[in-house]
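Peer 1: Let me give you the structure first, and then I'll get to my questions.
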């Protein structure tokens with residue numbers, strides 16, 4: 001009898017594992033929970049840059065959505081925070097002694113440190129807070145700490161607008177030409193924060209207990225980085241501090257970030273090339289190390 005077609009009861013032969021893998025790769029599919037190459041990972045992340053900015057702006061708007069005053073709080077919060085710190089440290093504790101234009105000094109340090117600190121608080125828990133998202137969607141996990149820091153950057157922009165107004169008023173209705181470098185300084189600080197967020201989020205994902213230590217680290221850094229006092233003046237008052245102690249306090253990441261921003265907005269500060277070179281060095285170091293460390297754990301995120 002002549003065969004009229006394939007036997008409808010006969011199932012086609014299954015593809016071998018190698019053939020199925022080759023077919024999937026031709027159609028752009030990848031195996032889940034497998035770490036891609038470093039260059040390919042960076043290239044894939046770059047393709048999501050528009051989405052990351054959209055998510056960052058969305059997180060900023062969502063944070064104020066349920067408030068009666070809405071986005072106005074992004075301006076009121078830094079004003080109230082600056083006023084409370086000025087009352088406690090400037091007036092009651094007298095840390096303003098010897099510091100010209102203390103309001104500008106204080107608010108520039110306070111707002112810059114707030115941006116820096118996010119990488120050690122919210123950034124470190126970026127993976128833990130998005131476990132459901134990681135289990136249901138396939139995307140470069142490094143997006144999560146990046147979006148957290150970008151959202152903090154967007155949220156702090158109104159605060160730096162307040163800073164410029166206060167600096168303009170306190171310094172005799174004038175600003176130094178170095179204020180043009182403020183965006184560069186903020187870019188360096190944000191880059192530093194991105195690297196720290198990648199690094200700490202990987203560490204906290206591996207050892208959850210570290211999440212409880214991050215607020216303590218942030219608090220300690222706030223008290224030794226010169227947010228509301230001058231590190232230089234304190235070292236002069238101590239007088240006999242070892243050189244390595246002075247260098248550590250002056251050029252550790254948080255302190256040097258504050259100094260760099262202050263050099264851009266204060267008429268009493270001069271640009272110090274060492275400050276900027278050290279800041280750029282910290283930013284590059286944290287970004288490269290943080291990205292590589294995070295990438296090495298890419299296949300493990302979202303499993304637990």
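In the UniProt record's numbering, the protein residues as written are 1 to 304.
Beta carbons are placed, not taken as given, at the ideal position from N, Cα and C, and that holds for glycine.
At a Cβ threshold of 7 Å, is residue 288 touching chain D?
Peer 2: Protein chain content of the structure displayed is limited to a single chain, and chain D is not contained in it.
Peer 1: According to the Cβ coordinates, are residue 214 and residue 114 closer than 7 Å?
Peer 2: Result no, Cβ atoms of residue 214 and residue 114 do not sit closer than 7 Å.
Peer 1: Take residue 206 and list the residues in its own chain whose beta-carbon comes closer than 6 Å to its own, dropping the five residues that flank it on each side.
Peer 2: Excluding residues within five positions, none has a Cβ falling inside 6 Å.
Peer 1: To which residues of the same chain is residue 210 closer than 7 Å at the C-beta, ignoring the five residues directly before and after it?
Peer 2: Here the set comprises 203, 204.
Peer 1: DSSP state of residue 301, grouped into three classes?
Peer 2: Residue 301 falls in the coil class under three-state DSSP.
Peer 1: For the putative contact between residue 170 and residue 104, defined by C-beta atoms under 8 Å, what is the C-beta separation to the nearest angstrom?
Peer 2: Right, their Cβ atoms sit about 5 Å apart.
Peer 1: With a Cβ-Cβ cutoff of 7 Å, do residue 106 and residue 162 count as a contact?
Peer 2: Contact flag unset, no.
Peer 1: What residue range is occupied by the uninterrupted alpha helix (DSSP H) comprising residue 138?
Peer 2: Segment: none, residue 138 is in no alpha helix (DSSP H) and carries neither H nor E.
Peer 1: If residue 108 and residue 262 are in contact, beta carbons under 8 Å, what's the gap, nearest whole angstrom?
Peer 2: Contact holds; Cβ gap of about 5 Å.
Peer 1: Kindly indicate the opening and closing residues of the alpha helix (DSSP H) around residue 251.
Peer 2: Here the alpha helix (DSSP H) through residue 251 covers 243-251.
Peer 1: Provide the residue span of the alpha helix (DSSP H) that contains residue 234, from first to last.
Peer 2: That run of the alpha helix (DSSP H) goes 231-238.
Peer 1: Among 236, 251, 212, 255, whose alpha-carbon lies nearest the alpha-carbon of residue 228?
Peer 2: Measuring from the Cα of residue 228, the nearest candidate turns out to be 255.
Peer 1: Exposed or buried, residue 100, counting other C-beta atoms within 10 Å across all chains shown (16 or more means buried)?
Peer 2: Label assigned to residue 100: exposed.
Peer 1: Can you tell me where the alpha helix (DSSP H) holding residue 296 begins and where it ends?
Peer 2: Taken as a continuous stretch (DSSP letters only), the alpha helix (DSSP H) holding residue 296 covers 273-296.
Peer 1: Could you say which of 91, 265, 90 lies nearest to residue 181 if we only look at CA atoms?
Peer 2: Closest option to residue 181, Cα to Cα, is 265.
Peer 1: Please name the residue in 285, 90, 154, 93 whose C-alpha comes closest to that of residue 118.
Peer 2: It is 154 whose Cα lies nearest to the Cα of residue 118.
Peer 1: Alpha helix (DSSP H) containing residue 102: first to last residue?
Peer 2: Taken as a continuous stretch (DSSP letters only), the alpha helix (DSSP H) holding residue 102 covers 102-117.
Peer 1: In the DSSP assignment, find the alpha helix (DSSP H) that holds residue 206 and state where it starts and stops.
Peer 2: Run containing residue 206: 182-206, per the alpha helix (DSSP H) assignment.
Peer 1: What residue from 250, 198, 252 has the CA that sits closest to residue 298's CA?
Peer 2: Cα-wise, what sits closest to residue 298 is 198.
Peer 1: Just curious, the alpha helix (DSSP H) that residue 310 is in, first and last residue?
Peer 2: The chain is shown from 1 up to 304; residue 310 falls before or after that span and cannot be answered.
Peer 1: Starting from residue 80, trace the alpha helix (DSSP H) in both directions and tell me its first and last residue.
Peer 2: Per DSSP, residue 80 belongs to the alpha helix (DSSP H) from 73-85.
Peer 1: Rounded to the nearest angstrom, what separates residue 174 and residue 166 at their Cα positions?
Peer 2: The straight-line gap from Cα to Cα measures roughly 11 Å.
Peer 1: Taking only the alpha-carbon atoms, compute the straight-line gap between residue 233 and residue 289 and give it to the nearest angstrom.
Peer 2: Answer to the nearest angstrom: the Cα atoms are 33 Å apart.
Peer 1: Over what stretch of residues does the alpha helix (DSSP H) that includes residue 224 continue unbroken?
Peer 2: Counting along the chain, the alpha helix (DSSP H) containing residue 224 begins and ends at 214-224.
Peer 1: Smallest Cα separation from residue 179: which of 218, 242, 270?
Peer 2: If we check each option's Cα against that of residue 179, 270 comes out closest.
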